[in-house]
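Taking it in order: structure first as structure tokens, then the write-up.
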Amino acid sequence: MQFGQTVLVLRQLLARIRDVMAGEGDTQARLERIVQVIAVDMGAQVCSLYVRRAGDVLELFATHGLRQSAVHRTRLAVGQGLIGEIAAKAKPLALADAQSHPSFVYRPETGEEIYHSLMGVPILRGGRVVGVLAIQSIDRRRYSDEEIEALQTIAMVLAEMVASGNLVGPEELASSEAIAVPPMRLEGARLSPGFGLGVAVLHKHHQVVRRLVAEDTAVEHERLRKAVSDMHGQLDVMLRANGLAGSEHADVLEAYRMIAEDVGWLRRIAEAINTGLTAEAAVQKVNTEIHAQIARVSDSYLRERIQDLDDLAQRLLQHLVGAEDRAQRLPPEHDFVVVGRSLGPAQLLDYSGSRLKGLVLQEGSANAHVAIVARSLGIPVVGQIEDVMARIESGDPLIVDADHAQVLLRPSAALRRIYERSSADRARRRAEYTQLRDLEATTRDGVRISLNVNAGLAVDLQPLGDSGVDGVGLYRTEVPFMVYEQLPTVEVQRQLYRHVLDVAKAKPVVFRTLDVGGDKILPYWPHGNEENPAMGWRAIRVSWDRPAVLRQQLRALIQAAAGEHLHVMFPMIAEVAEFRFARRLLDLELERHRGTNQLPPLSVRAGAMLEVPALLFQLDELVQVVDFLSIGTNDLAQFLFASDRASHRMSERYDVLSPAVLRLLRQVAERCREGNVPLSLCGEMAGRPLDAMALIGVGLRQLSMAPPCVGPVKAMIRSADTAVLADFVSHLTTVRQASIRADLRAFAHDHGIALA
Ligand code: PEP
Ligand code: MG
17 MQFGQTVLVL RQLLARIRDV MAGEGDTQAR LERIVQVIAV DMGAQVCSLY
67 VRRAGDVLEL FATHGLRQSA VHRTRLAVGQ GLIGEIAAKA KPLALADAQS
117 HPSFVYRPET GEEIYHSLMG VPILRGGRVV GVLAIQSIDR RRYSDEEIEA
167 LQTIAMVLAE MVASGNLVGP EELASSEAIA VPPMRLEGAR LSPGFGLGVA
217 VLHKHHQVVR RLVAEDTAVE HERLRKAVSD MHGQLDVMLR ANGLAGSEHA
267 DVLEAYRMIA EDVGWLRRIA EAINTGLTAE AAVQKVNTEI HAQIARVSDS
317 YLRERIQDLD DLAQRLLQHL VGAEDRAQRL PPEHDFVVVG RSLGPAQLLD
367 YSGSRLKGLV LQEGSANAHV AIVARSLGIP VVGQIEDVMA RIESGDPLIV
417 DADHAQVLLR PSAALRRIYE RSSADRARRR AEYTQLRDLE ATTRDGVRIS
467 LNVNAGLAVD LQPLGDSGVD GVGLYRTEVP FMVYEQLPTV EVQRQLYRHV
517 LDVAKAKPVV FRTLDVGGDK ILPYWPHGNE ENPAMGWRAI RVSWDRPAVL
567 RQQLRALIQA AAGEHLHVMF PMIAEVAEFR FARRLLDLEL ERHRGTNQLP
617 PLSVRAGAML EVPALLFQLD ELVQVVDFLS IGTNDLAQFL FASDRASHRM
667 SERYDVLSPA VLRLLRQVAE RCREGNVPLS LCGEMAGRPL DAMALIGVGL
717 RQLSMAPPCV GPVKAMIRSA DTAVLADFVS HLTTVRQASI RADLRAFAHD
767 HGIALA
């Protein structure tokens, strides 16, 4: 069949199915008429409908062409035979010669031996296979993609009927509610830190679409147009509301709105309407197809974009079939945790409010837009929990413990009390840290430690208003780049950096140039499939090969820092030559800037990150060429110990609080002091009070950390004495043990040093 012809046949066929569905007779009788209509209109000798029953069995419920005596007798396990394979894989199958397929199982009671070709599609509802629809022909027919799609559309229309409860008794759907369900611990990945307690609210993705076949296609096109326009209006309102203007998640929502305007997506929906579906059925169909495509894609970025599309499809459906009142579904007067397969950033904002205590997702990654927004809002998120929707019931009490990447489901009263206590402790400590805000980070013996924040999100810049923070020790420029759909222009970058400098109000900001590659993938950035991306083509190595991108970034930084001090830092320097190269590009851009009549920066300082062990052996040369150095212990430790920083298994294996690491850091601090080069440390360890205490013990005086760590680290500093500490840490660098963590903790305890 030609494409146009298929569409026409499909439209007529859908109209006929609609008439049968709305007509006389019981469900079984109507099913029989439906399979007959499908067989005739699709030019097949057989059309059969199998329904999934308890025990994962597919039962023949209606057939036109096979023996009627086989109805309700022929049963295949999911995975058994071709029909079972379609159900197991939830994918269509089209074969010109079905009997020669290795999975073919001959069922004599059906009389199907004379049919050669077979095309079958899963009947899906809410992402679950509820049955299989198949046609067969005597001749060896090759089915076109359009025909497969047509049968899928029909299967979608039938899904509602199959899952209505009229075909399969409700007892088969009975859940194990009567059985007492024990507590459970679910492991996942930490996407946004913190912990929270609440009852589960299941984020249902799939709205029930009841009207599937259109009466008037033109009316459906108009309904779609209006729904799209209403949705855009609502997204605009959402962008303006929530106080998001200028913040990181405003960018996220903006990108999301761009997807909503994607003509490709809307055109596919319009085409589905042309086949005879209602607007809502068309949205659902296109969404199902996109899901099926994405199931075959391993690229995490694409998966995230699909989540956004899914979010939009649900939103569009709400406009088409009427929104449920979400407040009705939220547990009254309870703190709650949203549990879902995935969630879009706008949907998170729909739920957000003081009673939302956490988010639990089956999918998601730290780069997902929803995770970025959740971090800004301080909502803990645990993602990548298998089968989460099947394991958590609505109303289940749970603890989202993102700090330990786990969810405690139906926790015992004792466990809840422990978390409630630590939650109260946390609140109390936060209040104490707030009081420290305006106090200096000075030790008991009067040594001033410079405390800075690591930033990348707008919200990270908030502490700069406090007098207790000296500046931004590390601004990860790649973070904002992650939410753009394409590489931002020089002007867009200039505005972004200018905004950061404005918020910093003359406090120094160290801009680190793009550190992409490794685990930081930008959608528009070419990244090969390297076996070991953390050690691959990333950061300065990319700039070496593609200097234009770095030059543009440096140009934007120079322009943004007009009349201000500019600090630029280059990541992943492994050889002094790489730093010299980067500095040369900076000089070239400064020269270019001088050629314009724009205001130059007040001063320009160029620094390097010390993250690659090879650089440790070039310190003599390095200190002569850099204006400052910053130790990135996250990467440095992973390369020193050859221990992947992202590996779950390796995370506890080696301790940075070891004599070897501390000796090494002490040497770097001494070398920098001799060379008069300012030294900072901006790895995660700087933000952990015990680790920071050891760092001060080996001579570091400048630390940069995630904003929430500033309070606890400052409390530690104000209760420590550097001279006593240095002596003790010096002794620890000589001991023969892999970790000196316990010794440091005992020392802090004995000397009254505050550790959170
Ligand atoms: C580091 O490696 O320690 C560092 C601060 O950089 P990032 O975590 O961004 O790799
Ligand atoms: Mg690093």
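All you need for our numbering is the position in the sequence shown, starting with 1, plus 16. Where is the CB? At the ideal position from N, CA and C, for every residue including glycine.
At a cut-off of 7 Å, would you count residue i as near ligand 1, judging by its Cβ distance to the nearest heavy atom?
{"i": "Leu695", "result": "no"}
{"i": "Asn650", "result": "yes"}
{"i": "Leu632", "result": "no"}
{"i": "Gly699", "result": "yes"}
{"i": "Leu673", "result": "no"}
{"i": "Leu490", "result": "yes"}
{"i": "Asp531", "result": "yes"}
{"i": "Glu627", "result": "yes"}
Just verifying my parser: in three-state terms, what is the DSSP assignment at residue i?
{"i": "His583", "result": "strand"}
{"i": "Val215", "result": "strand"}
{"i": "Lys373", "result": "strand"}
{"i": "Gly699", "result": "coil"}
{"i": "Phe120", "result": "coil"}
{"i": "Leu431", "result": "helix"}
{"i": "Thr294", "result": "coil"}
{"i": "Gly715", "result": "coil"}
{"i": "Met405", "result": "helix"}
{"i": "Gln176", "result": "Rather than Gln, the amino acid found at residue 176 in this sequence is Glu. Residue state, collapsed to three classes: helix."}
{"i": "Tyr670", "result": "coil"}
{"i": "Glu203", "result": "strand"}
{"i": "Ala772", "result": "coil"}
{"i": "Val532", "result": "coil"}
{"i": "Leu183", "result": "coil"}
{"i": "Ala45", "result": "helix"}
{"i": "Val299", "result": "helix"}
{"i": "Val235", "result": "helix"}
{"i": "Ala590", "result": "coil"}
{"i": "Ile647", "result": "strand"}
CB-CB under 6 Å to residue i, same chain, minus the five flanking residues each way: which ones, in chain order?
{"i": "Val94", "result": "Asp72, Gly100, Ala103, Ala104"}
{"i": "Leu615", "result": "Ala578, Gly579"}
{"i": "Ala653", "result": "Val672"}
{"i": "Ala5", "result": "Shown here, the chain extends from 17 to 772; a query on residue 5 therefore has no answer."}
Any heavy atom of ligand 2 closer than 7 Å to the CB of residue i?
{"i": "Pro705", "result": "no"}
{"i": "Pro587", "result": "yes"}
{"i": "Glu494", "result": "no"}
{"i": "Glu594", "result": "no"}
{"i": "Asp660", "result": "no"}
{"i": "Asp232", "result": "no"}
{"i": "Glu203", "result": "no"}
{"i": "Glu507", "result": "no"}
Please go through the same chain and pick out, in chain order, the residues whose beta-carbon is closer than 8 Å to the beta-carbon of residue i, but skip the five residues on each side of it.
{"i": "Ile289", "result": "Ala230, Thr233, Glu236, His237, Leu240, Ala295, Ala298"}
{"i": "Ala55", "result": "Gln61, Val62, Cys63, His80, Gly81, Ile151"}
{"i": "Pro814", "result": "Absent from the model: residue 814. The displayed extent of the chain is 17 to 772, so no value can be given."}
Determine which residues share a DSSP beta bridge with residue i and list them.
{"i": "Ala93", "result": "Val73"}
{"i": "Thr458", "result": "Arg464"}
{"i": "Phe352", "result": "Val215, Leu372"}
{"i": "Cys63", "result": "His80, Ile151"}
{"i": "Asp417", "result": "Phe211, Gln422"}
{"i": "Met721", "result": "Val469"}
{"i": "Pro617", "result": "Ala578"}
{"i": "Leu111", "result": "Leu134"}
{"i": "Gly399", "result": "Ala205"}
{"i": "Phe527", "result": "Tyr491, Val584"}
Using a Cβ-Cβ cutoff of less than 7 Å, which residues in the same chain neighbour residue i once the five nearest sequence positions on both sides are dropped?
{"i": "Lys301", "result": "Thr169, Met172, Ala288, Leu293"}
Would the segment 128-135 count as touching the segment 102-119 if we require 3 or more Cβ pairs under 8 Å? These segments touch.
At least 3 beta-carbon pairs within less than 8 Å: the segment 717-736 vs the segment 475-490: Inter-segment contact for the segment 717-736 and the segment 475-490 is present: three or more beta-carbon pairs are separated by less than 8 Å.
Would you call the segment 683-700 in contact with the segment 742-762, where contact means no fewer than 3 C-beta pairs closer than 8 Å? Pairwise C-beta distances place the segment 683-700 out of contact with the segment 742-762, as fewer than three of them are shorter than 8 Å.
Can you find at least 3 beta carbon pairs, one from the segment 372-382 and one from the segment 211-220, that sit closer than 8 Å? In short, these stretches touch, since the Cβ pair count reaches three.
Would you call the segment 431-449 and the segment 458-478 touching, i.e. three or more CB-CB distances under 8 Å? No, because fewer than three Cβ pairs between the segment 431-449 and the segment 458-478 fall closer than 8 Å, the two stretches do not touch.
For the segment 523-530 and the segment 581-592, state whether three or more C-beta atom pairs, one from each stretch, are separated by less than 8 Å. With the cut-off at 8 Å, the segment 523-530 and the segment 581-592 touch.
Counting pairs of beta carbons, one from the segment 423-432 and one from the segment 393-408, are three or more of them closer than 8 Å? Yes, the segment 423-432 is in contact with the segment 393-408.
How do the segment 491-506 and the segment 730-747 stand: do at least 3 beta-carbon pairs fall below 8 Å, yes or no? No: fewer than three Cβ pairs fall under 8 Å.
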